[in-house]
Ligand code: TXA
Ligand code: MG
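Residue numbers (our numbering): 955 to 1331.
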């Protein structure tokens, strides 16, 4: 069809996409596939049994709605019986295909009372989230199967999202029949979820498209976009579903430091009081362990540079958390509970998505001199 992105005919990629598409068309099992944000675990958004298999494989709470993935705007119209609302036109012209999810009213089937999209995708919602991924393997899979895919990230519920096929394998082996390996995810954090069905419009989840970009390219209505809950939606029961669940958590305790310079004062003081731990460090722009007490820096058994720019840090964040966790669990040379120290960033630009994930992963956050402690971990 005209929707098909360019995949070399007869290539291994095409053969594998056809295999996965067959599984999707017969609703036998969910399929893991690469997107530019994170790997997804997909099944037909039109079939309740298929969607339930996703929740089961991930062990995901069934009231957390799934994003529907399409390969073209015409598929939205033709298969999902939906239209892009005018308020989104500038945004999708700029950011589709790409890491932007828009919220639309749930379509009803013109010929029957049956919902077009399985209710299992959108538990209790009058709306659904939809995006067109940029990764060609994702779009080819959706186009070849001609099936809009409900697809959350392909990690086990609560774990950091997968940005490599190996991450998916680690969480999902034994639970799914196939993983399409498309290499490392370019963006590394999930899509930005925007809601233009409320006034003022809202960003429900910061992600691969920054709020600054939404304001700049969305047109007049998006200038005053609200981040988080929009006032207009206050009395709805769940405005930002998914927020109440534990997320992105390694097994190790995660402590995030923001605005603590090179770390030689605040982080050192923290670690002096936690000498009985195995420590990993994920650093970004400013931490300088040359300036830390050697008695502390020598205790750190794993150090990873997340990068200097927001885009780099976002790309390396989930794999950094997974790598640190794995190394600490294997570290038998040191005693004590595993601890991952992360250098956070400011909330500007890509920072909002990065800090949103880190705040959920962390049990303690030192933010500009204030210790914020969470009651569970
Ligand atoms: O980048 C991504 O978006 C990845 C890749 C695989 O495409 N997918 C992803 O899907 O993150 P998922 O299912 O984990 O994201 C679901 C989240 C919900 O927790 C909620 O924040 C938002 O998307 N969402 C989905 N449907 C919604 C709705 N009807 N109303 C409000 N928020 C919704
Ligand atoms: Mg997820």
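All residues carry an ideal CB built from backbone N, CA and C; glycine is no exception. Remember, predicted model here, so these are calculated numbers, not experimental data.
Out of curiosity, what's the CA-to-CA distance linking residue i and residue j?
{"i": "residue 1360", "j": "residue 1124", "result": "This structure leaves residue 1360 out entirely; the chain is present only between 955 and 1331."}
{"i": "residue 1307", "j": "residue 1297", "result": "15 Å"}
{"i": "residue 912", "j": "residue 970", "result": "Nothing can be reported for residue 912: it is not among the residues displayed for the chain, which extend from 955 to 1331."}
{"i": "residue 1147", "j": "residue 1056", "result": "6 Å"}
{"i": "residue 1083", "j": "residue 1214", "result": "37 Å"}
{"i": "residue 1272", "j": "residue 1278", "result": "10 Å"}
{"i": "residue 1134", "j": "residue 1270", "result": "20 Å"}
{"i": "residue 1226", "j": "residue 1033", "result": "59 Å"}
{"i": "residue 1145", "j": "residue 992", "result": "9 Å"}
{"i": "residue 1027", "j": "residue 1047", "result": "11 Å"}
{"i": "residue 1060", "j": "residue 1079", "result": "8 Å"}
{"i": "residue 1037", "j": "residue 1062", "result": "12 Å"}
{"i": "residue 1193", "j": "residue 1019", "result": "Legend: pLDDT at residue 1193 = 47, less than 50; position of this residue unreliable, no value from coordinates given."}
{"i": "residue 1121", "j": "residue 1129", "result": "14 Å"}
{"i": "residue 1291", "j": "residue 1132", "result": "35 Å"}
{"i": "residue 1065", "j": "residue 979", "result": "22 Å"}
{"i": "residue 1276", "j": "residue 961", "result": "31 Å"}
{"i": "residue 1268", "j": "residue 1257", "result": "17 Å"}
{"i": "residue 1081", "j": "residue 1043", "result": "18 Å"}
{"i": "residue 1189", "j": "residue 1324", "result": "Reliability fails at residue 1189, whose pLDDT of 45 lies under 50, so the model's placement of it is uncertain and no value is given."}
Which same chain residues end up closer than 8 Å to residue i when comparing Cβ atoms and leaving out the 5 residues on each side of it in sequence?
{"i": "residue 1242", "result": "1216, 1217, 1218"}
{"i": "residue 1266", "result": "1260"}
{"i": "residue 1262", "result": "1238, 1239"}
{"i": "residue 1160", "result": "1146, 1181, 1306, 1307, 1310"}
{"i": "residue 1169", "result": "1176, 1177, 1179"}
Indicate whether residue i and residue j have their beta-carbon atoms separated by less than 9 Å.
{"i": "residue 1074", "j": "residue 1002", "result": "yes"}
{"i": "residue 1203", "j": "residue 1113", "result": "yes"}
{"i": "residue 1317", "j": "residue 1221", "result": "no"}
{"i": "residue 1274", "j": "residue 1107", "result": "no"}
{"i": "residue 986", "j": "residue 1119", "result": "yes"}
{"i": "residue 1030", "j": "residue 1024", "result": "yes"}
{"i": "residue 1035", "j": "residue 1005", "result": "no"}
{"i": "residue 1094", "j": "residue 966", "result": "no"}
{"i": "residue 1281", "j": "residue 1255", "result": "yes"}
{"i": "residue 1165", "j": "residue 1152", "result": "no"}
{"i": "residue 1162", "j": "residue 1181", "result": "no"}
{"i": "residue 997", "j": "residue 984", "result": "yes"}
{"i": "residue 1249", "j": "residue 1289", "result": "no"}
{"i": "residue 1294", "j": "residue 1236", "result": "yes"}
{"i": "residue 1212", "j": "residue 1322", "result": "yes"}
{"i": "residue 1045", "j": "residue 1058", "result": "no"}
{"i": "residue 1233", "j": "residue 1253", "result": "yes"}
{"i": "residue 964", "j": "residue 1041", "result": "no"}
{"i": "residue 1155", "j": "residue 1172", "result": "yes"}
{"i": "residue 1105", "j": "residue 988", "result": "no"}
{"i": "residue 1284", "j": "residue 1201", "result": "no"}
To which residues of the same chain is residue i closer than 6 Å at the C-beta, ignoring the five residues directly before and after it?
{"i": "residue 1140", "result": "990"}
{"i": "residue 1009", "result": "1016"}
{"i": "residue 1246", "result": "1218, 1222"}
{"i": "residue 1109", "result": "1115, 1116, 1125"}
{"i": "residue 1328", "result": "1317"}
{"i": "residue 1111", "result": "1012, 1013, 1014"}
{"i": "residue 1326", "result": "1319"}
Kindly list the residues whose CB is nearer than 7 Å to the CB of residue i, restricted to its own chain and excluding five residues on each side of it in sequence; keep chain order.
{"i": "residue 1305", "result": "1264, 1299"}
{"i": "residue 956", "result": "Low per-residue confidence applies at residue 956: pLDDT is 49, beneath 50, and the placement is therefore not dependable, though the value from the model is reported in the following sentence. Closer than 7 Å at Cβ, skipping near neighbours: no residue."}
{"i": "residue 1007", "result": "983, 984, 997"}
{"i": "residue 1312", "result": "1210, 1296, 1298"}
- Message: I'd like to know if the segment 974-986 and the segment 1100-1118 are in contact, where contact means that at least 3 CB-CB pairs between them fall below 8 Å.
- Response: yes
- Task: Decide if the segment 1073-1088 is in contact with the segment 1167-1181; the criterion is three or more beta carbon pairs, one per stretch, under 8 Å apart.
- Result: no
- Message: So, does the segment 1080-1095 touch the segment 1032-1052, judging by three or more C-beta pairs under 8 Å?
- Response: yes
- Query: Between the segment 1285-1305 and the segment 1132-1139, do three or more beta carbon pairs fall short of 8 Å?
  - Reply: no
- Using the beta carbon as the reference atom, which residues fall closer than 7 Å to any heavy atom of ligand 2, ordered along the chain? 1106, 1107, 1109, 1115, 1144
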